[in-house]
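Asks:
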Amino acid sequence: MSLKSLTKDWEPMSYGFLDASAKREIRRKTLKAIAVPGCQMPYASREVPMARGWGTGGLQISCTLINLQTTVKVIDQGADDSVNAASIRRFLSRVSGAPTTMDTLKADLIQSRHRIPEEKLREDQVLVLQVPNPEPLRPVQPNMSIARQMHADADYGRMWLQLYEQIVRSGRVMQGASYPSLVHGRFVMTPSPIPRWDVSKMHMAKHLTILSAGREKRLHAVPPYTRVEPLVFDDVPYQVEEHQDLTCARSGAKGFFMNEIPQDDGSSTYEVSDSEFGVKTIRKGDGEPVEIGATWYHAGEMTQ
Amino acid sequence: MMDAPQIVKTRPLLIARNVSKRYGAVQALQDVSASVYPGEVLGIVGESGSGKSTFLRCLNLEEDPDHGSYTLDLPDVQGNLFDLDRYARRMLCATRIGIVYQNPHLGLLMKHSSSGNVAERLLIAGERRFGVLREKARDALDASEFPLDRMDAPPIELSGGMQQRVQLAKAIALEPALLLLDEPTTGLDVSVQALVLDTLKKLQQERKITMVIVSHDLGVIRTLSDRVMVMKGGQVVEEGLADQVFQDPQHAYTQQLVHAKL
Amino acid sequence: MTVLDVRGLTKGFTMHHLGTQMGAFEDISFALQAGEFLLLKGKNGAGKSTLLRTLYRSYLSQGGEILFHSDHGVIDLARAADVDVSFLRRTEIGFVTQFLTARPRVSAQDLVAEPLRLAGQEPTEALRAARHWLYTFGVKEELWAAYPTTFSGGEQQKVNLARALILPQRLLLLDEPTASLDVHARAALVERLGELKAQGTAMIGVFHHPGDVAALIDREIDLTPNAFQDEDRKDVAI
């Protein structure tokens, strides 16, 4: 027996960038997070060649899950072609050799910032969401030790009070993105800053969602077929952004989440926020053989 | 020592036995016992440092005594409440015990709306209908004689007397079995003090809430209490019917207190 | 039928700040039957009011027994638990003074009707009875719905009497209820006391002018021998 037989050859970099022990820790914490849906699990959060706050949490999950057979899609606020999305996609591909795609239907692993694709995800797909602030109680309880006790006690009165106050002051719930949601009837989580439009997509979804905050060193998960219920009063219905009647100026798609494009004359036009979905819609309109998957929303209404 | 009750067969709602608490060298409470019957108002008098407020905080389960027992005779509330875990304590305090502190900052979220402060209790108890929350908050504020056109104003913008009314509304919103009052009118102007006392008296008569009120002000205790307990140096030196303690005080310290009253 | 059996009752006051004891009365014994009216006599300071307050447990006795034959059996008021005393004060033992304990924002008629309501009488019936007694004691009708906190002393006294006497009780302690009462109200009071007496209420009274109630008096107890110098003790009265 020699040292050489016990150790691996030197390599300039570990597969998937993170070293094996870092990946093992993340796998363990991810399993824990899946076992206790919505519960935040602390993890070490290693350094990656990207600044904190730019998706390091999501990147570490992706680096851990990736292998040569994983087709990766990366989106940033719905777009595959933004600088950030393109950089992360290229990085993941270079450190793992994994194939990449922009098509939601063809992806195995989707890392996303602030959106969930419009096409329904399947049981074999994993969605990784980048989370800036994983603690939904932070606005009502700045002391994180007490916040953890509150989670343990399911003490969410203050969260509800927050909603009450918003309705009293503004006549409606003002919370836009990061709408606090109850997972599996037990833990309140922040679903990352996805619009309210997307929160319902998590409810009883077929896919696994992993939400990871690199700077805050916490991750939580929504396993497949798990209840995700936005906190709402029984008599004040949950309202999504009013994009039902908007039409995409480029693709003609209607009834999906839109980006507003301000015009010089003060008016606005709209483009579908899920860029690849828009691209596919245009191609299909041009008669190309493009497959568009079933969407969560149909004619602007959530289908279940 | 008086005989055990012969005629009244109902059990006391609250029984505290031998509650003791020490802070370093200071014995804040030494074997303090008390019982309060349903609908009764127990007044606790004593000067600062007598342990009366510490005792009240123990009754509100926010302070852990070194030893002693505390029971409430309520359906599905069993055993020594000092043994309850954090979760059970919180639920019990939120649903069965109301408290009004001398300092409104202790009892209120100063920048939330007044109605929201009241609604929080109901939210903790599981109410999820906005309309019902509004209605019940309004009712509780109304019962505390809070001007309803100000119900959504934050306490920080209100006068001291109004802040105490918000605390009171919050305390009674869930119709608690026990209402604890810690110097509820101390620090208020005399005229405002009279109005708050007046509200308390009215509530007590209309709702027959069991109360424990702590004050160094004999007038306040006299106005509200059926029975009085006098504390000094962490111990109970005298207790009895309110009129008896005030008209025929037995202990030297009580006599001194009563005589010092203008 | 015996209502009250007082045996060897002794009361004095310990004044800790002076380090002295002051005796009020010693070893008083008497029995009182249902429907009997007992007058307490004695010089000013003889301890008449002190005895009444001791019987009511506003003062704590220092010795002896106050055996009260209640609906719930015989109980020693000198040693009874506070809750029992409170209960009996609500149901069986009345104490009538010339002073009203007015309560904020409770109207005269509600105040008077309260003992009946607490005893379980139907509210409109209780209110009707309350108005009757306010009328009988000569309280002006326009004051019935007003708050007695603002009334003159004389009107308050009448409201107080109406309230104290509306519900027949087993034992009534009267501490100079006629003092400064006008002729009409005094006559109404005497008539009401006679009525209650006929219904079996036992009474012990202190009167400045016993002549007012002469017709009702069955027996007298003179407390003078144990002269007690300072009845209006400033140090214990609030």
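So the protein sequences, as listed, match chains A, B and C. To convert, take the position in the first sequence, counting from 1, and add 553; that gives this note's numbering. To convert, take the position in the second sequence, counting from 1, and add 5; that gives this note's numbering. To convert, take the position in the third sequence, counting from 1, and add 24; that gives this note's numbering. Idealized CB from N, CA, C, for every residue including glycine. Just so we're clear, the structure is a prediction, and the values are computed from it rather than from any experiment.
#1: Across which residues does DSSP place Glu813 (chain A) in a beta bridge pair?
#2: Assuming Arg668 (chain A) contacts His760 (chain A) (C-beta within less than 8 Å), just tell me the rounded distance between them.
#3: Note down, in chain order, each residue of its chain lying with its Cβ closer than 8 Å to the Cβ of Leu79 (chain B), except the 5 sequence neighbours on either side.
#4: Do Leu262 (chain B) and Glu52 (chain B) have their C-beta atoms within less than 9 Å of each other?
#5: Determine the burial state of Asn122 (chain B): buried for a count of at least 16 other Cβ atoms within 10 Å of its Cβ, exposed for fewer.
#6: Is DSSP giving Gly224 (chain B) helix, strand or coil here?
#7: Can you give me the C-alpha to C-alpha distance between Asp259 (chain C) and Gly69 (chain C), rounded to a whole angstrom?
#8: So, under 8 Å CB-CB, Asp8 (chain B) and Ala104 (chain C) are touching, yes? Tell me the CB distance rounded to an integer number of Å.
#9: Indicate whether at least one CB of chain B lies closer than 9 Å to the CB of Asp279 (chain C).
#10: In its own chain, which residues sit with a C-beta less than 6 Å from the C-beta of Arg31 (chain C), not counting the 5 before and 5 after it?
#11: Give the C-beta separation of Ala178 (chain B) and Lys141 (chain B) to the nearest angstrom, bearing in mind that I take them to be a contact with Cβ-Cβ under 8 Å.
#12: Which of helix, strand or coil does DSSP assign to Tyr92 (chain B)?
#13: What three-state label does DSSP hand Met603 (chain A) in the structure shown?
#14: Would you tell me roughly how many angstroms separate the C-alpha atoms of Leu62 (chain C) and Leu28 (chain C), rounded to the nearest one?
#15: Just grab the DSSP bridge partners of His72 (chain B) for me.
#16: At a cut of 8 Å, does the segment 128-135 of chain C reach the segment 168-177 of chain C through at least three beta carbon pairs?
#17: List, in chain order, every chain A residue whose beta-carbon is nearer than 8 Å to that of His264 (chain B).
#18: Which residues in chain B sit within 7 Å of Leu645 (chain A), going by Cβ to Cβ distance?
#19: Assign Gln253 (chain C) to buried or exposed, taking buried as 16 or more other Cβ atoms, counted over all protein chains shown, within 10 Å of its Cβ.
#20: Within the same chain, show all residues whose beta-carbon is closer than 6 Å to that of Thr187 (chain B), passing over the 5 residues directly before and after it, in chain order.
#21: On the DSSP letters alone, give me the boundaries of the alpha helix (DSSP H) that His117 (chain B) sits inside.
#22: If you measure between the beta carbons of Arg580 (chain A) and Pro687 (chain A), is that distance less than 9 Å?
#23: What is the C-beta distance between Lys116 (chain B) and Pro159 (chain B), in whole angstroms, given that I count them as a contact (C-beta under 8 Å)?
#24: State yes or no: is the beta carbon of Gly591 (chain A) nearer than 9 Å to at least one beta carbon in chain B?
#25: Could you spell out the range, first to last residue, of the alpha helix (DSSP H) harbouring Gly838 (chain A)?
#26: Can you give me, in chain order, the residues of the segment 133-144 of chain B that have a beta carbon less than 7 Å from any beta carbon in chain A?
#27: With DSSP collapsed to three states, give me the class of Val752 (chain A).
#28: According to DSSP, is Val263 (chain B) helix, strand or coil?
#29: Just tell me which of A:Lys807, A:Met655 and A:His773 has its CA closest to the CA of Thr743 (chain A).
#30: Between Met282 (chain C) and chain B, is any beta-carbon pair separated by less than 9 Å?
#31: Unbroken alpha helix (DSSP H) runs of length 4 or more, entirely within the segment 153-228 of chain B: which are they?
#32: Cβ closer than 8 Å: which chain A residues qualify as neighbours of Asp157 (chain B)?
#33: Take the Cβ of Tyr28 (chain B) as the centre, count every other Cβ of all protein chains shown within 10 Å, and call the residue buried at 16 or more, exposed below.
#34: Against chain B, which members of the segment 86-105 of chain C pass a CB distance test of less than 8 Å?
#35: Ile12 (chain B) CB to nearest chain C CB: under 9 Å?
#36: If Ser765 (chain A) sits next to Gln613 (chain A), beta carbons under 8 Å apart, how far is it from one beta carbon to the other, in whole angstroms?
Replies: From the atom records:
#1: A:Tyr823.
#2: About 14 Å; that fails the 8 Å criterion.
#3: If we look at Leu79 (chain B) and ignore the five residues flanking it on each side, its Cβ neighbours are Leu18, Arg101 and Ala182.
#4: Their beta carbons are under 9 Å apart, which means Leu262 (chain B) touches Glu52 (chain B) by this criterion.
#5: Burial of Asn122 (chain B) is indicated by the presence of at least 16 other C-beta atoms within 10 angstroms of its C-beta.
#6: Looking at Gly224 (chain B) - three-state DSSP - the assignment turns out to be helix.
#7: Residue confidence for Asp259 (chain C) is low, a pLDDT of 41 falling below 50, so the modelled location carries little weight and cannot support an answer.
#8: Right, their Cβ atoms sit about 6 Å apart.
#9: Only positions 25 to 262 of chain C appear in this structure, which leaves residue 279 (chain C) out of reach.
#10: Contacts found: Ser53, Gly88 and Glu89.
#11: About 6 Å; that satisfies the 8 Å criterion.
#12: DSSP places Tyr92 (chain B) in helix when its eight states are reduced to three.
#13: In this structure, Met603 (chain A) counts as coil in the three-state DSSP scheme.
#14: Using only the alpha carbons, I get a separation of about 11 Å.
#15: Listed as beta-bridge partners of His72 (chain B) by DSSP are B:Ser25.
#16: Segments in contact, yes.
#17: Neighbours of His264 (chain B) in chain A, taken as residues at a C-beta separation under 8 Å, are lacking, since the least C-beta distance is about 47 Å.
#18: Those do not exist, as Leu645 (chain A) stays about 43 Å from chain B at its closest Cβ, beyond 7 Å.
#19: Unreliable placement is indicated for Gln253 (chain C), whose pLDDT of 41 sits below 50; the coordinate value is still reported in the next sentence. Of the residues assessed, Gln253 (chain C) falls on the exposed side of the cut-off, its CB having fewer than 16 other CB atoms within 10 angstroms.
#20: For the record, residue 187 (chain B) in the displayed sequence is Asp; it is not Thr. Around Asp187 (chain B): Ser58, Leu61, Tyr106, Gln107 and Val219.
#21: His117 (chain B) -> no alpha helix (DSSP H), and no H or E assigned at all.
#22: Taking 9 Å as the Cβ cut-off, Arg580 (chain A) and Pro687 (chain A) do not qualify as a contacting pair.
#23: Their Cβ separation, rounded to whole angstroms, is 5 Å, which keeps Lys116 (chain B) and Pro159 (chain B) in contact under 8 Å.
#24: For Gly591 (chain A), the answer is no, since every Cβ of chain B falls outside 9 Å of its Cβ.
#25: Run containing Gly838 (chain A): Ser828 to Gly838, per the alpha helix (DSSP H) assignment.
#26: Listed by position, the residues of the segment 133-144 of chain B near chain A (Cβ gap below 7 Å) are Arg133, Arg134, Phe135, Gly136 and Leu138.
#27: Reduced to three states, the DSSP call for Val752 (chain A) is helix.
#28: In the three-state DSSP reduction, Val263 (chain B) falls in the helix class (H, G or I).
#29: Measuring from the Cα of Thr743 (chain A), the nearest candidate turns out to be A:His773.
#30: Residue 282 (chain C) lies beyond the range of chain C shown here (25 to 262); nothing can be said about it.
#31: Whole alpha helix (DSSP H) segments, 4+ residues: 165-177 and 195-212.
#32: Under the 8 Å cutoff, chain A gives Val721 and Arg722.
#33: An exposed status is given to Tyr28 (chain B), since fewer than 16 other beta-carbon atoms sit within 10 Å of its beta-carbon.
#34: Against chain B - using a Cβ distance shorter than 8 Å - the residues of the segment 86-105 of chain C are Ser94, His96, Gly97, Ile99, Asp100, Arg103, Ala104 and Ala105.
#35: Yes, contact with chain C.
#36: Ser765 (chain A) to Gln613 (chain A), Cβ: 7 Å. Contact.
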